[in-house]
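For our numbering, count along the sequence shown from 1 and bump the result up by 3. Heads up: the structure comes next, in structure tokens.
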Amino acid sequence: MNKSDLSAALAKDLNIPLRKSEEIVEVIFGTMFNALSNHDRIEIRGFGSFEVREYEGYTGRNPKTGDKIVVDGKRLPFFKAGKELREKIFEAE
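So, in structure tokens, the structure goes:
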């Protein structure tokens, strides 16, 4: 499912115009993006939580040449599935 599919499903379920559902989805994702950019944690009960994790830099190796390279530290988004989501996925198998 992509953002367009999500907007279409929202429009159908709530019986609202597609344009309005697209705006709602944009506001939700924009708010989540801003929260993560500010290092805030997002928790959606029953679904999961999002947070930004910081990873330290390290010395790696170029697999093609074998030369050592320095990999800078980085911040990446991290998602942890909630208990209800894990159970639903397990039931689906």
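Idealized CB from N, CA, C, for every residue including glycine.
Does the beta-carbon of residue i have 16 or more other beta-carbons within 10 angstroms, so that it is buried, or is it exposed?
i: residue 40; result: exposed
i: residue 7; result: exposed
Find out if the Cβ-Cβ distance for the pair residue i, residue j is shorter than 8 Å.
i: residue 12; j: residue 21; result: no
Short of 8 Å in beta carbon distance, which residues of its chain neighbour residue i, apart from the five on each side in sequence? Order them along the chain.
i: residue 35; result: 45 and 53
i: residue 78; result: 55, 56, 57 and 58
Take residue i and list the residues in its own chain whose beta-carbon comes closer than 6 Å to its own, dropping the five residues that flank it on each side.
i: residue 9; result: 28
If I measure Cβ to Cβ from residue i and keep anything under 7 Å in the same chain, skipping five residues before and after, which residues do I get?
i: residue 65; result: 72
i: residue 87; result: 49
i: residue 60; result: 73, 74, 75 and 76
i: residue 42; result: 55
Practice prompt. Report yes or no: do the region 76-83 and the region 49-56 share at least 3 C-beta pairs separated by less than 8 Å?
Written response: Yes, they touch.
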